[in-house]
Each structure stands twice: as C-alpha cells, then as structure tokens.
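Q:
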Amino acid sequence: MKTKLTIEKTMKYHILTLGCQMNMSDTERTKPVIEQMGYEWTDDENEASLVGILACSVRQRAIDKVYSRIHKWNKRKNKENLLTFVTGCILPSDKDRFLKLFDIVFPMSELQELPEMIKQYGIVTPLSLKSGQNDEPIYQNTRIKELKEKASELKLNEHMSDFWHINPHYESDFEAFVPIQNGCDKFCTFCAVPYTRGREVSRPSKEILEEVQNLIDKEYKTITLLGQNVNSYGLDKKGEEISFPELLRQIGEMGKKSGKEFWVYFTSPHPRDMTDEVIEVIATYPNLGKQIHLPIQSGDDKVLIRMNRKHSVEKYREIEKTIRRLIPQATLFTDIIVGFTGETDVQFESTRVIMEEFRYNMAYIAQYSQRPGAVSSRWVDDVPKQVKKERYHTLTQDLMKTSLEHNNKMVGRTFRVLVRGKERKGDNLSGLTEGKINVRIYASDDLLIGKIVDVKIKSATEFSVAGEPVKKVELQSA
Amino acid sequence: METITNSIYKIQQVRHLTDSTYVIRMDRGGMKFIAGQNLNLGISGDVEKRDYSIYSGEKDDYLEVLVKEVEEGLVSKQMKLLQPGDKLEVDGPFGFFTLKSEELDSKKYLFIASGTGIAPFHSIAQTYPNLNFKLIHGVRYADETYEKKHYPSGRYVSCVTSDDEGGFKGRVTDYLKANPVDKDTLCYLCGNVNMIYDAFDVLKEQGVPSGNLHAEVYF
C-alpha cells in the first residue's frame, strides 16, 4: 500500500537527552546520523518533524519524562506529520510499552540503521531523493510491523562496533567525551544499567586512540573516557585487547609526544577494577588528569554486601592509600547513597567515619530512591524519607568541612585552570582546575574561554575557589 | 572469547529435590563460565528474568541451576512447571564470586551457605575435586540438604534448625562459634542476607580479616 509522500521544505529534528554523560556522548553520535539525511537541528521541538528521546532508566522521574513527552507528541500527530523515536537506556518492560507509543524504538548499538527505519515511514529526505530511492514503495504497514517486531528482538550491544564507527559532532570545541566501553556486568542491586545497557563491551583500542589523537590535533583541552564501568575496559576481550592501564599509558605517550597541555579523565570506575597499575600510569603522565572519581556508595561492609558492590571498605582503603602515596596532589571524588534499604543508624555512622578518613574533595551524595528494574526495587524501601533527608544533610555538612579545608589550602597559590565559560550571573568567567575544582575567575574576556590559564586563588568556599588570572593584561590582549 | 547473550537454551531435565526446590538441567550450548558465576534467566519470550548461580561444574556437558520456588514469584513458580524440551532465555555468565586459580592448591577454604545459596559451592566442588574446603550449609529441615552426597566425604556439614536430623543442630553461626575459624582461611558466604550478616560478625570477631571474606547475597 502506498500513501502520499511527505516532503518537507526544511526538515528539522530535535532530541531530548536525559541522564548521564554517556547519553550526552551518544547524542553527539546520533546527531550526525540524522543530519546526513538532510535534517537540521532545532532547539524548538515544536518546529521539528522528527523528535526523539535518549532515555534514562536510572530514576523513575526520567522514565516519567519519556511518557509525558510521547503523549504530548502523539497529540501533535493528529495535526501534523511527526515521527518519533526513543533509544538509550531502556528497561525490557518499558521497551514493550514504548513500541506501542513510539514509531521507532532501537538500542543505541543499532543507530546506523536509523536512516533506514526513518525511510520506511515514508519520509523523503534530500539524501534519498539524490539516490533516487523515492520511487520505491516506502510506506507499507506490513513493513512497519516487521520493523517493530525486529526492534522488540534487537539485542543490546550486539552491534556496538557499528555505533562507535560514527563520527560524532562534539558539542564543545575544547571538551570531549570519548566512549570506550558500554554496559555493565557488576549488577549492583540499586542499579538497572546491566538490564538497560547490556553486558560490558569494550571498544577497539585502535579506534579510541585515533579519536583521542584527532581531539589532541584539534587542540581539545579535556578528554573524558566514558564507560559504565570504564576501568573494566578490555576485560571482556582478555588476550585480544589491551588493558585499561595500557590504554591510559598509550594516551599518556600520545600526550607526551604532542607537547600540548590537555587533561584526560575517565568515568565511572569501579573500585574492584582499580588496580595499582592504573594509579601508577596516572602518576606517570602529565596529561592524565590528577582527579580520581572513585564511587564508594557506603562506608559499611554490610551495606556494601547488600548493594552487591563486590568490594569491602578495606579494599577501598588500600586503593585510597595507593592514590595518596603515588599522586599526593590528586583530588578524590566519590558517590555515596544514604538511606539504602536496611541502612541502620550505626551503618550510616560508618559512612561518616570514612568521609572523615578519606577526606574527599567532592562527594555526590544521593538519598536512596528505588530505581525501576534494579533488584532493590523489589524490596521495601524501609528508611523513612525524613531519615534519609537528615543523613543527607549530615553527610553534606561533613563533606563541606573537608572540602573547605582542601580549598582553603589553595588560597595564595596559582593553578592552571581551564576556562569553560561565563558564570550564569554576572560577568565573571568560570573554570575547572586539573583536579576539577570549580573556579570563579575575576575576568570577563570571552577570548579566554577554552584556554588553560594561570589563576591565582584569592578566596575559597566549600565547593569553589575564586581568583584572578595571572598576567591579566597580557592574557586579555592575547 | 565467545560472547553469549540472551541465548535460547533447551531444557533436558527438571529434577525436584523438595516440594519447592528443583534443579533445571539444560543444554550447555558452548557456554564458558567459571564456577561460582551466575546466569540471568527466564522463560523464553517472557520479560521477567532472575539471577541464579550455576549449580553444575565447569567440565559438565550441561548447565544446571538450583531454584527455590518463591511464593508470588514471577519466574520461579512458572519455571517449576517446565518440561524437557521447553526453552529458557539465558544471559550470562556474570559475577565475580569465584576462586583465584593461583590460590586453589595452597589455600584452605570455608564455604558458608544458607538454603539454595549452596549452588555456587556445588559448582566449585564439582569443578575442583581436590580443593581443601569445608562447606557449612544452614537449612531448616534435613530434607533441604540438597544432594549432599555430591560432596567429598567429611567436607559437608549441615546445620539444621527445625528438626533433629542432620550433622549439627543449630544455626550456622552456632557452628562457627563452636568451631572457630583459622584466620588464614578464605571464607565465602552465600545465601540469605541475615545469615551473611550474622556469620560476617562472628568471623570478624574471630579475627578473619575482611579481605578474606567474600559474600554473594541471594535476594
């Protein structure tokens, strides 16, 4: 069956990206695939004839946003031509529902198939017109049905290598994300990622190194290697692929050879795979950022067991000691969940003790909430909301004491700072040190944005420091 | 290395050990795993999946999982009704509850299980027949000492709480208190979270360093 072709004068698209840096990075790869069909990006989703969501299943609120948006888009469909898609982190139970609501549902690993899927919906793009494919019978209900059936069977991560071949459109001219690994085999009980992203799959190191070299050549200042369990890189291809520390070493060598100043980070690592070798390599190479984000989640062994974290406080302590010994200048960040199912007052106090002991520069503290699809979502969420709130407040106060102590020590010293942009309010610039400490820079010269400059720190607060560029006059005239 | 994801496995046999506990044997399908790992599985075509430790040994030419039927369960109740020839969707293997190969010959192991938490230890015992281990199995009734004859003589101790049959009358923690553990022993705990917490405290009190304690909780 044929229907009237839809030919748009200007074909615009819009993507709603929910969740973490990985989804942001995935969006950078989704955009060129859509744009090669002739679509143009629009910030206004109401102008778009193709709208999509990169979904996140970490919290119920993010899932709710997907449902809210698709209901709105499906109402628009009564008045105009609109094609909808969803990809990203999707739980199997949501995928079945999404198949009824969205036109196209696919795992990120199938991104390269998106133009073909769009074409099957009768959308004629400049690309298909050029190739003369518009003569084909393109809107067939049976074909759409087949497509949806195929989508329901698509396996997570099966074609990740195709996805990684896509050249991304980086959102920034000086900060880039490079995916190196996808999926998770750790199965922490509070997390649904293994069910939404599938098993750990490592990207070929050759591709990673090429992408990093390209970014170095383009004068990028920070490169963040991304993965759900970034430091388990290579473990799924033992003997066939280099290890994570070796990958870092090769990137460190590339940095050394380039003679350029830039910082390479990675996130998120798991303590279980944080070997001494990784820390030694970071210590060796100046381009490997001296900031380590090492999630601990709880300071109590029993809570860690219930979380299925597969490491003890003692194991974490050994890693922390190695970091302090080999990279004394490194800043240490962590993630902590308070009020996890069954967490007692005594167990929470254990977390306070390790907060004091490990003296974090920053901790992302979250009040536990049930995450759909995670094992713990089947348990009674038995810590009252008020108790979680109090624990969150107490731990934040503890953190603020140590972070202020760290930041006060920066006052009077000069640090290299990457200028990232203007502050939201006022004319000042803002940036990050190599250790990812927020810096307010008393300067307003836009030309500094994207550059690494010397900043003398004048004052400190709990979560930031402030200072002036050194050689201000010369820099502003540069 | 072969990656096996979401594959369909044919059931060879369902072996009922008690009214509510059974072993599913399925085709091996070329799956490589390390004793102690688990699988994520469910009935083919069904969205609901659950994690189960592998019960069979690394060298067996079939795969087995030990399943306890859960009241109101969305997977275990349905799987109990499966017949030879029916199909399961299997993802895996996963997990790190495994022994280090370089320690197998030199170390002494203590395995502590409650209920079906014995599954990974069954796999380990089948895989490493010369391993120096003791397995303490906490159960309520003596008929829950699943296939205890599969373990070498003298290595399996049942701790039975609700009847008088079995090797030791009392809880696992009572046994541990009566039989203190050498500090160098590598202790692996698997099963119910409360048992693990209690045993964890006893072992810590006896001076076993936390680095020698490994736990896999069944939820």
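Chains as they are written, first to last, in the numbering used here: chain A, 1 to 478; chain B, 1001 to 1219.
The beta-carbon is built from N, C-alpha and C at its ideal position, and this holds for glycine as well.
Counting only beta-carbon separations shorter than 8 Å, does B:I1034 have a partner in chain A?
A: False, the Cβ-Cβ gap to chain A never drops below 8 Å.
Q: What does A:R306 touch in chain B if you count any residue whose Cβ is under 8 Å from its own?
A: Near A:R306 (Cβ distances below 8 Å), the residues of chain B are V1193, V1217.
Q: Taking only three categories from DSSP, how would you classify B:Q1012?
A: In this structure, B:Q1012 counts as strand in the three-state DSSP scheme.
Q: According to DSSP, is A:P32 part of a helix, a strand, or is it coil?
A: In the structure shown, A:P32 sits in a helix (DSSP, three-state: H, G or I).
Q: Who are the near neighbours of A:M160 in its chain, counting only those whose CB is closer than 6 Å to its CB and skipping five residues on each side?
A: Excluding positions up to five away in sequence, the list reads S109, N182, V201.
Q: With a threshold of 8 Å between beta carbons, is B:V1047 in contact with chain A?
A: At least one chain A Cβ lies under 8 Å of B:V1047.
Q: Name the DSSP beta bridge partners of A:G431, please?
A: For A:G431, which the question treats as bridged, DSSP gives the partners A:V419, A:V439.
Q: Looking at the C-beta of B:G1211, does it have a partner C-beta in chain A at a distance below 8 Å?
A: By this cut-off, B:G1211 is an interface position.
Q: Using a Cβ-Cβ distance cut-off of 8 Å, determine whether A:T42 contacts chain B.
A: Taking Cβ atoms only, chain B never reaches closer than 8 Å to A:T42, which makes this a no.
Q: Indicate whether at least one CB of chain A lies closer than 8 Å to the CB of B:F954.
A: Residue 954 of chain B cannot be examined here, being either before or after the span of chain B that is shown, 1001 to 1219.
Q: Could you give the DSSP three-state label for B:F1133: helix, strand or coil?
A: Strand, per DSSP.
Q: Starting from the Cα of B:D1105, find the closest Cα among B:P1093, B:I1112, B:F1133, B:S1123 and give me that residue.
A: That would be B:F1133, whose Cα lies nearest to the Cα of B:D1105.
Q: Looking at B:L1074 and B:M1026, is the spacing between their C-beta atoms short of 8 Å?
A: It is not a contact, given that the beta carbons lie outside the stated cut-off.
Q: According to DSSP, is A:H393 part of a helix, a strand, or is it coil?
A: The answer is helix: DSSP assigns A:H393 an H, G or I state.
Q: According to DSSP, what are the bridge partners of A:G88?
A: BP columns for A:G88 point to A:A55.
Q: Looking at A:I118 and A:M501, is the spacing between their C-beta atoms short of 8 Å?
A: Missing from the structure shown is residue 501 of chain A; chain A here goes from 1 to 478 and no further.
Q: Can you give me the start and stop residues for the alpha helix (DSSP H) that B:Y1188 sits inside?
A: Element bounds for B:Y1188: not the alpha helix (DSSP H) but the beta strand (DSSP E), 1186-1191.
Q: Can you check whether the CB of A:G373 is closer than 8 Å to the CB of A:T196?
A: Yes, the pair counts as a contact, with Cβ atoms nearer than the cut-off.
Q: Between which residues of its own chain and A:R352 is the CB-CB distance below 8 Å, once the five residues before and five after are set aside?
A: Excluding sequence neighbours, A:R352 sits near G299, T394, L395, D398.
Q: I need the DSSP call for B:E1147, collapsed to helix, strand or coil.
A: Reduced to three states, the DSSP call for B:E1147 is coil.
Q: Under 7 Å from any heavy atom of the ligand MN, does the C-beta of A:E80 make it?
A: Although the ligand MN was asked about, the structure shown includes no ligands whatsoever.
Q: For A:K451, which residues of its own chain have a beta-carbon under 7 Å away from its beta-carbon, when the five flanking residues on both sides are left out?
A: Counting only Cβ-Cβ distances below 7 Å, and skipping sequence neighbours, we find V419.
Q: CB B:V1172 to CB B:A1199, shorter than 8 Å?
A: Yes, the pair counts as a contact, with Cβ atoms nearer than the cut-off.
Q: Per DSSP, which residues does A:V178 bridge with? Please list them.
A: DSSP lists A:L225 as partners of A:V178.
Q: Output the distance between the C-alpha atoms of A:Q133 and A:S57, rounded to the nearest integer angstrom.
A: Annotation note: pLDDT 44 at A:Q133 (below 50); position unreliable, no value reported.
Q: Using beta-carbon positions only, say whether A:M307 and A:C184 come within less than 8 Å of one another.
A: Contact flag unset, no.
Q: If the criterion is Cβ atoms closer than 8 Å, does the pair A:L111 and A:F163 meet it?
A: The answer is yes: Cβ separation under 8 Å.
Q: Are A:N287 and A:V264 close, meaning C-beta to C-beta below 8 Å?
A: Cβ distance < 8 Å, so A:N287 and A:V264 count as in contact.
Q: Assuming B:P952 contacts B:I1054 under a Cβ cut-off of 8 Å, what Cβ separation, rounded to an integer in Å, is found between them?
A: The shown model of chain B, from 1001 to 1219, leaves out residue 952 of chain B, and the question about it has no answer.
Q: Between the C-alpha atoms of B:V1047 and B:N1194, what's the straight-line distance to the nearest angstrom?
A: The straight-line gap from Cα to Cα measures roughly 29 Å.
Q: For the segment 1052-1078 of chain B, enumerate the residues whose C-beta is nearer than 7 Å to any C-beta of chain A, in chain order.
A: Residues passing the 7 Å Cβ filter: none.
Q: Between A:R529 and A:T84, what straight-line distance do the alpha-carbon atoms span, to the nearest angstrom?
A: The first residue shown for chain A is 1 and the last is 478, placing residue 529 of chain A beyond what the model contains.
Q: So if I threshold CB-CB distances at 7 Å, which residues from the segment 1174-1207 of chain B count as touching chain A?
A: The residues in question are V1193, I1196, Y1197, F1200.
Q: Where does A:E349 land, buried or exposed, given buried means 16+ other C-beta within 10 angstroms?
A: Exposed, by the Cβ-count rule.
Q: Mind checking the segment 289-317 of chain A against chain B and listing, in chain order, the residues whose C-beta falls within less than 8 Å of any C-beta there?
A: Going along the segment 289-317 of chain A in chain order, one finds D301, K302, I305, R306, N308, K310, S312, V313, E314, K315 with a Cβ nearer than 8 Å to chain B.
Q: Hey, would you say B:G1036 sits closer than 8 Å to B:I1124, going by beta carbons?
A: Contact flag set, yes.
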